[in-house]
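Visitor: The structure under discussion is supplied below as structure tokens; questions concerning it will follow.
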Amino acid sequence: MLRLFCLIVLLSASFSVYARDVLVESPWVREAPPNAKALAGYVLITNVGKNTQELVAVSSPVFERVEFHVTTFDGGMMRMKHLETLVLKSGELAEFEPGGRHLMLINPKKKLKDGDKVPMTITLKNGATISFDMQVRR
Amino acid sequence: MFKANIKYALVLILFGVGLIVFGITAMDREPEKLKIPDDLKGVIIDSPPAVMPEFSLLTNKKQTFTNENLKGKWTLLFPGYTHCPDVCPTSLRVLDKVSNAKDLPENTQFAFMTVDPGRDTPEVMNEFVNYFNEKIIGITGDKAEIDVLAEPLGVIYDYEGDVASGDYIVNHFAAVYIFDPKGRERAYILPPHDVDKVARAFKLISDYYR
């Protein structure tokens, strides 16, 4: 009982969403200028299961399209690359953080501002889905 | 006696002219290159500073922006594009915060120059820069004119995706450029950018090359 209580506290404290073997933590979207055509979402995704997982799709009803992207720096050259899928081995953590991996949120269907919530769904190769809300922050 | 005075006067005049010539050349002489502390990574000094070719661009307020607009003040310029969701907002937020930092030259301007003028019209630029800080000047214009400034700065960029439909990414050199009050490129700071790094580098550079 205490363990369950601790788990609940832990989960609610970190705003994490636990679905099957993939743990999603600290999801947020960077607020952008009102007419921005592309926004970036950040999140920590951990494979807490025993098997390798492949994240094959991501979508949101608030955006026309969502993609996994990675920003790389080669000297001062900034490149963005579209990642088709994301493979996570057992225990592996994928950090989506400013200046690195991010969810590329394309063509918002409504204006989003600080405090708004963006529903997001990630689909795994095995067909399972993980849904969670990302909070818009400045 | 009179002749001797003329001689003295001539010597004095020559000496004076020599002093003035020496003074002018000394003023124009490039000081020893500023040494950047080891813990300040990715700050590159141009010594001597790079003179920019003549360019004519357009601000977010639809005013022309030329070499003259770089003169009489320090300028921090970041190249990018408004469809950039990850790196450009981070660097613009940094410029915004640096503009409020203490101990920096008062006559400093901040600019964001697009390398994607096809989508970044003055109106689009206006909304984008004003969101971060109304003091930041958004710069756009003809692609050829942007290249006039981008090339000597080494701002290489390319488009990836479907340019015709407007669905594309722009890969670009993402340094913060520092121009001196003579409008010359004095330094650049490689990404990633944070407020402390940019403010410290700018203070060192503007103090040294004042």
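Top to bottom, those sequences are chains A and B.
With the working numbering applied, the first sequence corresponds to residues 1 to 138, in that order.
With the working numbering applied, the second sequence corresponds to residues 1001 to 1210, in that order.
Beta carbons are placed, not taken as given, at the ideal position from N, Cα and C, and that holds for glycine.
No experiment lies behind these values; they were computed from the predicted model shown.
How long is the line joining the alpha carbons of Arg79/A and Leu86/A, rounded to whole angstroms?
Guide: Rounded to the nearest angstrom, the two C-alpha atoms are 18 Å apart.
Visitor: Give the DSSP bridge partners of Met134/A, in chain order.
Guide: In the DSSP output, where bridge partners are listed per residue, Met134/A has Val118/A.
Visitor: Please classify Met1052/B: does DSSP put it in a helix, a strand, or coil?
Guide: In this structure, Met1052/B counts as coil in the three-state DSSP scheme.
Visitor: If you reduce the DSSP assignment to three classes, tell me which class Val1195/B lands in.
Guide: Note: Val1195/B maps to helix in three-state DSSP.
Visitor: By DSSP, does Thr1121/B sit in helix, in strand, or in coil?
Guide: Coil.
Visitor: Got a sec: is the Cβ-Cβ distance from Pro1122/B to anything in chain A below 8 Å?
Guide: Judged by the 8 Å Cβ criterion, Pro1122/B is not in contact with chain A.
Visitor: Closest to Ala1187/B by CA distance: which of Tyr1208/B, Leu1092/B, Val1148/B and Asp1096/B is it?
Guide: It is Tyr1208/B.
Visitor: Counting only runs that start and end within the segment 37-78 of chain A, where is the beta strand (DSSP E) found for 3 or more residues in a row?
Guide: Listed in chain order, the complete beta strand (DSSP E) runs (minimum 3 residues) inside the segment 37-78 of chain A are 38-47, 53-59 and 63-74.
Visitor: Report the CB separation of Asn51/A from Asp74/A in whole angstroms; it is logged as a contact under 8 Å.
Guide: That belief does not hold up - the Cβ atoms of Asn51/A and Asp74/A are roughly 34 Å apart, past 8 Å.
Visitor: Could you tell me if the beta carbon of Lys1035/B falls within a distance shorter than 7 Å of some heavy atom in the ligand SAH?
Guide: Only the bare structure without any ligand can be found here, which leaves the ligand SAH out of the picture.
Visitor: According to a CB-to-CB cut-off of less than 8 Å, which residues of the segment 1079-1104 of chain B neighbour chain A?
Guide: Going along the segment 1079-1104 of chain B in chain order, one finds Thr1082, His1083, Cys1084, Pro1085, Asp1086, Val1087, Pro1089 and Thr1090 with a Cβ nearer than 8 Å to chain A.
Visitor: Does any residue of chain A bring its CB to less than 8 Å from the CB of Glu1127/B?
Guide: Closer than 8 Å: yes.
Visitor: With distances taken Cα to Cα, identify the nearest neighbour of Asp1116/B among Gly1166/B, Asn1005/B and Tyr1177/B.
Guide: For the residues Gly1166/B, Asn1005/B and Tyr1177/B, the minimum Cα distance to Asp1116/B belongs to Gly1166/B.
Visitor: Are the Cβ atoms of Val1176/B and Ser1091/B separated by less than 8 Å?
Guide: For Val1176/B and Ser1091/B, yes; Cβs fall inside 8 Å.
Visitor: Under 7 Å between beta-carbons, which chain B residues line up against Leu39/A? List them in chain order, please.
Guide: Within chain B, the residues near Leu39/A are Pro1085.
Visitor: Consult DSSP for Lys1182/B and reduce its assignment to one of helix, strand or coil.
Guide: If DSSP states are grouped into helix, strand and coil, Lys1182/B belongs with the strands.
Visitor: Can you name, in chain order, every residue of its own chain whose Cβ lies under 7 Å from the Cβ of Asp114/A, other than the five neighbours on each side?
Guide: So the qualifying residues of the chain are Glu31, Val136, Arg137 and Arg138.
Visitor: Taking Cβ positions, are Tyr1081/B and Val1170/B nearer each other than 8 Å?
Guide: Closer than 8 Å, so yes.
Visitor: So which residues on chain A does Asn1171/B lean against when the C-beta distance must stay under 8 Å?
Guide: By Cβ distance, chain A contributes Met77, Met78, Arg79 and Met80.
Visitor: In whole angstroms, give me the CA-to-CA distance for Phe68/A and Lys81/A.
Guide: Straight-line Cα distance between these residues: approximately 9 Å.
Visitor: Say whether chain B places a C-beta atom closer than 8 Å to the C-beta of Met134/A.
Guide: It does not; no Cβ of chain B falls within 8 Å.
Visitor: Enumerate in chain order the residues of its own chain whose CB-to-CB distance from Phe1128/B is below 6 Å, with the five nearest sequence positions on each side excluded.
Guide: Here the set comprises Thr1082.
Visitor: With 16 as the cutoff for other CB atoms within 10 Å, does Glu64/A come out buried or exposed?
Guide: That one is exposed.
Visitor: Using 8 Å as the threshold, is the segment 1032-1049 of chain B in touch with the segment 1119-1128 of chain B, meaning 3 or more CB pairs across them?
Guide: Because the criterion of three Cβ pairs below 8 Å is not met, the segment 1032-1049 of chain B and the segment 1119-1128 of chain B do not touch.
Visitor: Verify the CB distance criterion: does Arg137/A have a CB-CB separation below 8 Å to chain B?
Guide: Output row for Arg137/A: interface = no.
Visitor: DSSP has Thr1079/B in a bridge; who is on the other side?
Guide: Checking the sequence shown, residue 1079/B turns out to be Pro, not Thr. Met1113/B, per the DSSP bridge assignment.
Visitor: Should Asn35/A be labelled buried (16 or more other beta-carbon atoms within 10 Å of its own) or exposed?
Guide: Label assigned to Asn35/A: exposed.
Visitor: Report the residues of the segment 1157-1188 of chain B with a CB closer than 7 Å to any CB of chain A, ordered along the chain.
Guide: Listed by position along the chain: Ile1169, Asn1171, His1172, Phe1173, Ala1174 and Ala1175.
Visitor: Can you tell me which residues form a DSSP beta bridge with Arg30/A?
Guide: BP columns for Arg30/A point to Arg137/A.
Visitor: Answer yes or no: do Ile106/A and Ala40/A have a C-beta to C-beta separation smaller than 8 Å?
Guide: The answer is no: Cβ separation not under 8 Å.
Visitor: Output, in chain order, the set of chain B residues within a Cβ distance shorter than 8 Å of Gly99/A.
Guide: Chain B residues near Gly99/A: Asp1086, Val1087, Thr1090, Pro1191 and Pro1192.
Visitor: Can you name the start and end residues of the beta strand (DSSP E) that Glu1160/B belongs to?
Guide: Note, Glu1160/B: beta strand (DSSP E), Tyr1157 to Asp1162.
Visitor: Who are the neighbours of Pro108/A on chain B, taking C-beta pairs under 7 Å?
Guide: Near Pro108/A there are no residues of chain B at all, since even the closest Cβ is about 11 Å away, more than 7 Å.
Visitor: Can you tell me whether DSSP reads Asp1046/B as helix, strand or coil?
Guide: Note: Asp1046/B maps to strand in three-state DSSP.
Visitor: List the whole-angstrom C-beta distance separating Ile1045/B from Lys1033/B, where the pair is believed to meet the contact cut-off of C-beta under 8 Å.
Guide: Indeed, because the Cβ distance is near 6 Å, the residues count as touching under 8 Å.
Visitor: Along chain D, in chain order, which residues have C-beta atoms closer than 7 Å to that of Pro33/A?
Guide: In the structure shown, chain D does not exist; the protein chains are A and B.
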